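This report refers to the structure that appears directly beneath it.
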Amino acid sequence: MKKVFLILLILSCFSLFCTTAFVVNSGSQTLSKIDFVSGQVNNAFSPVGLYANRVAVTNDFVYVVNSGDNSVQKIDIETGQTITNIFIESSSNPYDIIISQNYAYVTGLFTSKVYKINLDTDIVEDEINVGISPEGMAIYENKLYVANTGYQYPSFGQGTVSVVNLDLFEVEKTIDVGMNPQALAAYYDEIHVVCTGNYYDVFGEVFIIDSFIDEVSASLEIGGCPTNITASPQGIVYLGDGMGVGVYSYDASSLEILHSPQNPFSSGGSAIAINENIIAVTDAGNWASNSIVRVYDLAEELINEYTTGIGAVDIKFFAENVNAQDDSILQNSAILEDNYPNPFNPTTTIYFTAEDTENAEILIYNIKGQKIRQYSIFNNQSLIVWDGTDENNQPVGSGIYLYKLKIDDQTVATKKMMLLK
22 MKKVFLILLI LSCFSLFCTT AFVVNSGSQT LSKIDFVSGQ VNNAFSPVGL
72 YANRVAVTND FVYVVNSGDN SVQKIDIETG QTITNIFIES SSNPYDIIIS
122 QNYAYVTGLF TSKVYKINLD TDIVEDEINV GISPEGMAIY ENKLYVANTG
172 YQYPSFGQGT VSVVNLDLFE VEKTIDVGMN PQALAAYYDE IHVVCTGNYY
222 DVFGEVFIID SFIDEVSASL EIGGCPTNIT ASPQGIVYLG DGMGVGVYSY
272 DASSLEILHS PQNPFSSGGS AIAINENIIA VTDAGNWASN SIVRVYDLAE
322 ELINEYTTGI GAVDIKFFAE NVNAQDDSIL QNSAILEDNY PNPFNPTTTI
372 YFTAEDTENA EILIYNIKGQ KIRQYSIFNN QSLIVWDGTD ENNQPVGSGI
422 YLYKLKIDDQ TVATKKMMLL K
């Protein structure tokens, strides 16, 4: 099964990018910034407000929901400076945030509303009533799906999902689901809703909503107390347990449980972020000491760990098109072509063209950015053959590798390949 995921990954079309993650540390009231290429972590990137809970990222700004301050904090993505604090409503306890086009939508846990923020003016320009005690949201096909936990002290009522037409900004339909729905994930034409249960004798379930008719089409008893949900591009859905038991998963198509409370694939799980290459899992531990962010490849192999602040409750990626290791791109007639075969085991050929090969070289890196192999290029040479070994002629493991053509210490291009044993 893992090999199938890896093949799908390498055959997909994606450019080389540098991924940054922003982590909300509610306990230490900080926003951490992780650079996965350099490995650097800035745990003082920006101070945040009281009971910071969720984060959303655009090209220019980071938006943090500060539940205790009833506000959304707008932060410059480059400097970490706070631009403004967008007030929501007194005693609203804003919970989640999601951005679509030029608007941010924020749930009010204590007001049972969704607020619409104009990101040009930084003003709440509209609000609507949804179900009782709303938390997480997802957007699909211009519809906003809102998880209403139904909580009214001291118990949970009927859990529901409100379907909001974003053009009209009004509730079109309300769908009954399980107890305590807290988060949602859109995967193709389905909305997967994680229902946490009551933390006592009602345990975790997932309800799947068919977005064409907005009705429940299936459900899955997964157990534990999952509180967040994220779908990978390969169709694996990951759930983080709110009690810190770990991360569960299932196949979105077959609903086969892959990891349950009895065999979680990772510890922690207070928040999960996934892109085309990696899975990042936050582990808040005892909520009194620093948190850990564990990064895995899509085969669920651990790549690295990073230490952030106390009480990590959310993580989001930001990706921008850059060249590997911030080298300047050399604009000339040199071309780096796709290697073949790809995936490969254990040998692949890397093709290139270069008019000036006097100071040209091919370099191979692993996904951590560590140099594995270096080849000097000679006159009239147009290819090199890599046999899957490092500089000491020792075989390297399966995984994604980067190969780079450099001339005069400047990067011409960087591409990806996969060794699949």
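Counted from 1, the sequence shown has number 146 at position 125 by the numbering used here; the numbering is strictly sequential. Every residue gets a Cβ at the ideal spot worked out from N, C-alpha and C, and that includes glycine. A quick note: this is a predicted structure, and the numbers were derived from the prediction, not measured.
query	result
Whole-number beta carbon distance between G180 and N201, since they are thought to touch under 8 Å	6 Å
One or two residues paired with P155 in a DSSP bridge	N169
Which listed residue (D117, Y136 and D141) has its alpha carbon closest to that of N123	D141
Cβ-Cβ distance between I252 and H213 below 8 Å	The question names Ile, yet the displayed sequence has Ala at residue 252. Going by C-beta atoms, A252 is nearer than 8 Å to H213.
V135: first and last residue of the uninterrupted beta strand (DSSP E) it sits in	K134 to N139
Stretch-stretch touch, CB-based, cutoff 8 Å, three pairs: the region 303-312 with the region 326-336	yes
Sequence-distant residues of the same chain with beta carbon closer than 6 Å to V114, five excluded per side	Val is not the amino acid found at residue 114; the sequence shown has Asn there. Closer than 6 Å at Cβ, skipping near neighbours: S88, L130 and F131.
Inter-residue Cα distance where the pair is I250 and S92	24 Å
Beta-carbon proximity of A294 to I336, cut-off 8 Å	yes
Alpha-carbon to alpha-carbon, P367 and G409	5 Å
Residue burial classification, L260 (beta-carbon count within 10 angstroms, cutoff 16)	buried
Helix, strand or coil at D197 [DSSP, three-state]	strand
Exposed unless 16 or more other CB atoms sit within 10 angstroms - verdict on Q50	buried
Limits of the beta strand (DSSP E) - the one that D262 falls within	I257 to D262
Secondary structure of G420, DSSP reduced to three states	strand
Residue burial classification, T323 (beta-carbon count within 10 angstroms, cutoff 16)	Inspection of the sequence shows that residue 323 is occupied by Leu rather than by Thr. When all chains shown are included, L323 counts as exposed.
Distance, L52 Cα to D97 Cα	12 Å
Neighbour-count burial assignment, Q352, 16 or more Cβ in a 10 Å radius	Any answer about Q352 is weak, because its pLDDT of 40 lies below 50 and its placement is not dependable; what the coordinates show is given next. Flag for Q352 reads exposed.
A203: first and last residue of the uninterrupted beta strand (DSSP E) it sits in	A small fix is needed here, since residue 203 is Gln in this sequence, not Ala. Element bounds for Q203: P202 to Y208.
Separation of G265 from G48, as counted between CA atoms	16 Å
Inter-residue CB distance, G178 and I153 (contact presumed, cutoff 8 Å)	6 Å
The beta strand (DSSP E) enclosing W407, as first and last residue numbers	L404 to W407
Test item: CB-CB of I230 and I196 under 8 Å	yes
Reference K194; option with closest CA among E382, Y174, T248 and V237	V237
Beta-bridge partners of Q61, as assigned by DSSP	DSSP lists no partner for Q61.
Near the ligand HEM: T100 beta-carbon under 7 Å from a heavy atom	As presented, the structure is devoid of all ligands, the ligand HEM included, so that no description of it is given.
A357 and V433 closer than 8 Å at C-beta	Per the sequence shown, residue 357 should be read as Leu rather than Ala. Yes, Cβ-Cβ distance for L357 and V433 is below 8 Å.
Exposed unless 16 or more other CB atoms sit within 10 angstroms - verdict on V215	buried
Where Q94 falls, given that 16 or more other Cβ within 10 Å makes a residue buried	buried
Of the residues A207, D90, I107 and N296, the one placed nearest T40, counting alpha carbons only	N296
Span separating the alpha-carbon of F338 from that of V76	10 Å
Residue closest to Y269, alpha-carbon to alpha-carbon, out of F108, P254, I119 and F286	F286
Backbone CA spacing between L27 and G420 [nearest angstrom]	Confidence is the limiting factor: at L27 the pLDDT is only 41, short of 50, which leaves the residue's position unreliable and the question unanswerable from this model.
Cα-Cα separation between K24 and A73, rounded to whole angstroms	At K24 the pLDDT is 44, less than 50, meaning the model places this residue with poor confidence; the figure from the coordinates comes in the next sentence. Cα-Cα distance, rounded: 39 Å.
Close-in-space but distant-in-sequence residues of the same chain around T79 (CB under 7 Å, 5 per side omitted)	I120
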